[in-house]
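Okay, so here's the structure we're looking at.
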Amino acid sequence: MQSKIINLPKIVDPRGNLTFIEEENHIPFKIKRVYWIYDVPGGEIRGSHAYKNLHEVVIALSGSFDIVLNDGKEEKRWQLNRSYYGLYVPNLLWRTLENFSTNALCLILASEAYDEKDYVRDYETFTRLANETSG
Ligand code: TYD
């Protein structure tokens, strides 16, 4: 499955809008972990690694940032700037988070608990794994 935007419900209300996520309706995996990235200084870059097995959905709860996804052959840049869009990111993609706006809040729903052994932090190892997997 490729990366794709998941449209989350938006309940528009003059008192303030509301968006929600139901694991079984909106997320293509069982959520094992939720974490968030915040207070990112201007110009900083997070991520720049791949996961062997982990899938995730990334949401810009506040502000904006870019996610750059690379499958070992092609690169795709997504700009996230709406709190009612989630970006589904499957495993075995090199993913980098950058261009954080002031006060950006990046929420990540992950299919696995934290496991350093699931990370691929070396780009050459990643391209080898990605090319083996895509045949
Ligand atoms: P990491 O995922 O490597 O972030 P980035 O790729 O943006 O540098 O996480 C940074 C550190 O935080 C890493 O040393 C491990 C720790 N960490 C946890 O302990 N639990 C978690 O759920 C996450 C995401 C990170």
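Using my numbering, the first residue of the sequence shown is number 8, and each one after it goes up by one. Note that the Cβ used here is the ideal one computed from N, Cα and C, for glycine as well. What you are looking at is a predicted structure, and each value in this text was computed from that prediction instead of being measured.
Check: Looking at the unbroken beta strand (DSSP E) that takes in Asn14, where does it start and where does it end?; Outcome: Lys11 to Asn14
Check: Pick out the complete beta strand (DSSP E) segments inside the stretch 36 to 74, 3 residues or longer, and give them in chain order.; Outcome: 40 to 44, 53 to 58 and 63 to 69
Check: Throw me the rounded Cβ distance for the Ile28 and Leu104 pair, which I believe falls under 8 Å.; Outcome: Rounded, the Cβ-Cβ distance is 20 Å, inconsistent with contact.
Check: From this set, Glu119, Tyr130 and Asp20, which residue's C-alpha is nearest Val41's C-alpha?; Outcome: Glu119
Check: State the start and end residues of the unbroken alpha helix (DSSP H) segment that holds Ala137.; Outcome: Tyr130 to Thr140
Check: Tell me which residues pass a beta-carbon proximity test against the ligand TYD: closer than 6 Å to any heavy atom, given in chain order.; Outcome: Arg40, Tyr42, Arg53, Gly54, His56 and Tyr121
Check: Helix, strand or coil: which one does DSSP assign to Asn32?; Outcome: helix
Check: Between Tyr130, Gly50 and Val75, which lies nearest to Val96 when the distance is taken from Cα to Cα?; Outcome: Val75
Check: Going by Cα to Cα distance, which pick from Ser55, Glu63, Ala117 and Ser108 is closest to Gln9?; Outcome: Glu63
Check: Based on the DSSP output, what are the partners of Thr26 in its beta bridges?; Outcome: Lys17
Check: Can you tell me whether Asp46 is buried or exposed? The criterion is at least 16 other CB atoms within 10 Å of its CB, across all chains shown.; Outcome: exposed
Check: Assess contact between the stretch 70 to 88 and the stretch 15 to 28, defined as three or more Cβ pairs (one per stretch) separated by less than 8 Å. Is contact present?; Outcome: no
Check: Using the Cβ count rule (16 or more neighbours within 10 Å means buried), how would you classify Asp78?; Outcome: buried
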